[in-house]
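Chemist: Per the numbering used here, residue 770 is the first one in the sequence shown, and the count goes up by one each step.
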Amino acid sequence: MCYSIPGKVLEVNDTLVTLDYFGEKRKARNELFQISCGEYAYAQGGFIIQKIPGVQAEAILDSWQELFFKLKEIDKRLARDSGTRYQKANQIRQRYHGNSCCVHGIIEFSNYCRNDCLYCGIQHKNLSLKRYRMEAAEIIDAAVYAVKKLGFKALVLQSGEDEYYDEDTLIAVVEGVMRQSPCLLTLSIGERSPDTFEALYRKGLRGVLLRFETSNPQIYATMKPGHSLNQRLELLVTLRKMGYLIMTGFLIGLPGWRKEDIIKDISLTAELGAEMFSFGPFIPCPDTPLAKEVQASLETALEVIAEARIRNPEAKILVTTALETLDKKNALQLGLMAGANSIMLNVTPSRYRQLYSIYPFRAGTDTAIESRIEFVVNLLQSLGRAPTDLGVS
Ligand code: 5AD
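1. Could you check how far apart the C-beta atoms of Glu944 and Lys972 are, in whole angstroms? I think they sit under 8 Å.
2. Kindly indicate which residue of Phe1130, Leu974, Gly814, Gln803 has the alpha-carbon position closest to the one of Asp1158.
3. Where do the ends of the alpha helix (DSSP H) carrying Gly823 lie?
4. Measure the alpha-carbon distance for Asp789 versus Leu969 and round it to whole angstroms.
5. Taking 8 Å as the cut-off, is the CB of Cys806 close to at least one heavy atom of the ligand 5AD?
6. Would you list the residues sitting across from Leu788 in a DSSP beta bridge?
7. In terms of residue numbering, what span does the beta strand (DSSP E) encompassing Ser928 cover?
8. Starting from Thr991, trace the alpha helix (DSSP H) in both directions and tell me its first and last residue.
9. In the DSSP assignment, find the unbroken alpha helix (DSSP H) run with Met1113 in it and report its ends.
10. Could you tell me whether any non-hydrogen atom of the ligand 5AD is closer than 8 Å to the CB of Leu998?
11. Could you have a look at Lys857 and say whether DSSP puts it in helix, strand or coil?
12. Compare the Cα-Cα distances from Pro994 to each of Asp885, Phe1048, Gly959 and report the closest residue.
13. For Ala1132, is the beta carbon positioned less than 8 Å from some heavy atom of the ligand 5AD?
14. Could you please give the first and the last residue of the uninterrupted alpha helix (DSSP H) stretch that includes Gly1104?
15. Given this structure, state the Cα-to-Cα distance separating Arg980 from Met1016, to the nearest angstrom.
16. Hey, could you find the ends of the alpha helix (DSSP H) Phe966 is sitting in?
17. Taking the alpha carbon of Glu1076 as the reference point, which residue from Asp1034, Leu1101, Val1116 has its own alpha carbon closest?
18. Quick check on the DSSP output: what are the complete alpha helix (DSSP H) runs of length 4 or more inside the segment 1033-1084, in order along the chain?
19. Thinking C-alpha only, which one of Phe1046, Phe791, Tyr1013, Tyr989 is nearest Glu1083?
20. Quick check: is any heavy atom of the ligand 5AD less than 8 Å from the C-beta of Phe1046?
21. Less than 8 Å between the CB atoms is what I'm expecting for Ile988 and Gly1025, so what's the real figure, rounded?
22. Drop a sphere of 10 angstroms on the beta-carbon of Cys882, count the other beta-carbons inside from all chains shown, and report buried for 16 or more, exposed for fewer.
23. Considering only the alpha carbon of each residue, which of Gly1022, Ala990, Tyr934, Lys922 lies closest to Arg975?
24. In this structure, does DSSP put Leu1149 in helix, strand or coil?
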């Protein structure tokens, strides 16, 4: 953001670039820029996403130098394992990733949805919800603001399954954002044709966030009437083959979900080659068929993060907004200390933020983004986390 360090280019080997961060080497793919040794660039998710003039980069690096090594020490000290499952997971995270933490911004640009997922507050059948849509130019402006003014380097644009945005509109959005404020751009718009995603990839889109929601085909069919798990999984496999970074995962504690499902759900996330694991606790939402069901507990959600980390040391694991919602003061820290190493901040324009109510009282919808960033940066520093890109494997 707000929390990112530029790397110095040490080596360029066709599209593979080696970057140096205070002596640490990381690799990143470069598909968008002319780049040569000695120049500086930001990388995200293993991609070069912005070049930065040398003078500017050196000033930023100067301001980070001392802090960078101090943070590493703090992280190491906090990552001692004294026996709990969370601590074990955190120690693995520290060993495999050091103190790197990815910070993404998310812009929720439409709460219209053609689907009727039983758990979801923006389902088509919910007539009590006030709907909104941002026009393409407004989405681009919000993204440019997040990148240029707030300093985000990775953005997710999310909506319900809203066909108002046809392929040409989506292309215009991706093109507009990438031209005005290049970043690691991810879309989370539900299912679309592979052709549409292919066209978007050509315009610079590199990430897709699409949860499979549950590895249990029966629960899936019940929760998402008219849809099949297979169709979802096929799309995810196709997208990964296209070159997309896949962010996927599931809902913890849907009705019918049992603790035994944790392992299956985590394994499926890994099998899909997820670049980032995203698991959120189910939170019952008023005006949906599941309004009276039981909410997943904070402990279960943390256990899932820890289990995922122990089984997949190399994964990037997100602390989701739903987890943060379960304990607005502490859950972010608890997630980061139970094996997670990525976070997402809501940068939707404030007039829309509360309307994207997939579940009630979402974290990050009632605070100005500037103070939220301040809170998060302070928290990350108190935990010794620094923003280097984790690189390509
Ligand atoms: N509780 C928690 N997460 C939810 N989502 C939708 N409804 C809920 C809910 N009630 C999640 C789904 C979807 C993502 C955008 O939001 O997993 O993929």
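No residue lacks a Cβ here, since even glycine has one placed at the ideal position from N, Cα and C.
Modeler: On the basis of the data shown:
1. 5 Å
2. Gly814
3. 823-847
4. 30 Å
5. no
6. Val778, Arg795
7. 923-928
8. 986-992
9. Where Met1113 is concerned, there is no enclosing alpha helix (DSSP H), although the beta strand (DSSP E) it sits in stretches over 1111-1115.
10. no
11. helix
12. Asp885
13. no
14. 1100-1105
15. 7 Å
16. 963-971
17. Asp1034
18. 1067-1080
19. Phe1046
20. no
21. 5 Å
22. buried
23. Lys922
24. helix
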